[in-house]
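Shown next, in structure tokens, is the structure this report addresses.
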Amino acid sequence: MTLPDLVKNDMSLLLQQNALPQLPFTRQIHLLNTYVAGSGYVKEIVSRIQGLSEGDRLLLVREPENPFDERAILVENLEGEKLGYIPRRKNEVLAALMDAGKSIYARVCHLEDPEEDLPVSGYMDIDVYMDD
Numbered sequence: 013m014t015l016p017d018l019v020k021n022d023m024s025l026l027l028q029q030n031a032l033p034q035l036p037f038t039r040q041i042h043l044l045n046t047y048v049a050g051s052g053y054v055k056e057i058v059s060r061i062q063g064l065s066e067g068d069r070l071l072l073v074r075e076p077e078n079p080f081d082e083r084a085i086l087v088e089n090l091e092g093e094k095l096g097y098i099p100r101r102k103n104e105v106l107a108a109l110m111d112a113g114k115s116i117y118a119r120v121c122h123l124e125d126p127e128e129d130l131p132v133s134g135y136m137d138i139d140v141y142m143d144d
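With the working numbering, the residue at position 45 of the sequence shown is 57, and numbering never jumps.
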């Protein structure tokens, strides 16, 4: 790996973890609000949800090889633990933006108590943003 590749990887990691200040002419664009699909199928989802707070940043990871949806976007906490997916009916534009190299991420905007008997997609709502 060359030095420019190492620098690019380190910068990308720092940006994902919100460790660098925003660039002077960068703006945060709100793209959509959605629930996180499939959370009820994630093992240990209760402890993962309890470890989150409203406003927490979440990672979005493309899964183009997903056998169920070629536009799948995984939602993870900052530790890289699976929380669920962007719903299929809302992932087409986001997947295209991510595939084009845009910085797309999410923030928790609403949490439900995971002890309650909720449907498999009812634990949290997120806001999805793009830095441009």
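Think of the CB as a built atom: it goes at the ideal place given N, C-alpha and C, for glycine as much as any other residue.
Quantities reported herein were computed from a predicted structural model and do not represent experimental measurements.
Alpha helix (DSSP H) containing residue i: first to last residue?
i	result
isoleucine 98	That residue, isoleucine 98, is in no alpha helix (DSSP H); it is neither H nor E in DSSP.
leucine 109	104–111
arginine 60	57–62
Which residues in the same chain have their Cβ closer than 6 angstroms to the Cβ of residue i, if we skip the five residues on either side of it in sequence?
i	result
valine 19	Unreliable placement is indicated for valine 19, whose pLDDT of 46 sits below 50; the coordinate value is still reported in the next sentence. Taken in chain order, the list of residues that qualify is empty.
Assign residue i to buried or exposed, taking buried as 16 or more other Cβ atoms, counted over all protein chains shown, within 10 Å of its Cβ.
i	result
threonine 46	buried
isoleucine 138	buried
Going by DSSP, what residue range makes up the beta strand (DSSP E) through residue i?
i	result
glutamate 75	69–75
So, at 7 angstroms on beta carbons, what are the nonlocal neighbours of residue i in its own chain, with the 5 sequence-adjacent residues on each side left out?
i	result
leucine 44	Lys102, Val140
Figure out for me which residue from the options has the closest Cα to the Cα of residue i.
i	options	result
lysine 94	Ala108, Leu106, Leu70, Pro76	Leu70
threonine 9	Val58, Lys114, Ser51	Because residue 9 is not part of the residues shown, which for the chain are 13 to 144, the question remains open.
glutamate 2	Ile57, Asp143, Ala84	Because the chain here runs from 13 to 144, residue 2 falls outside it and cannot be looked at.
arginine 83	Leu72, Glu91, Asn89, Gly67	Leu72
Taking 7 angstroms as the cut-off, decide whether the C-beta atoms of residue i and residue j are in contact.
i	j	result
isoleucine 98	isoleucine 116	no
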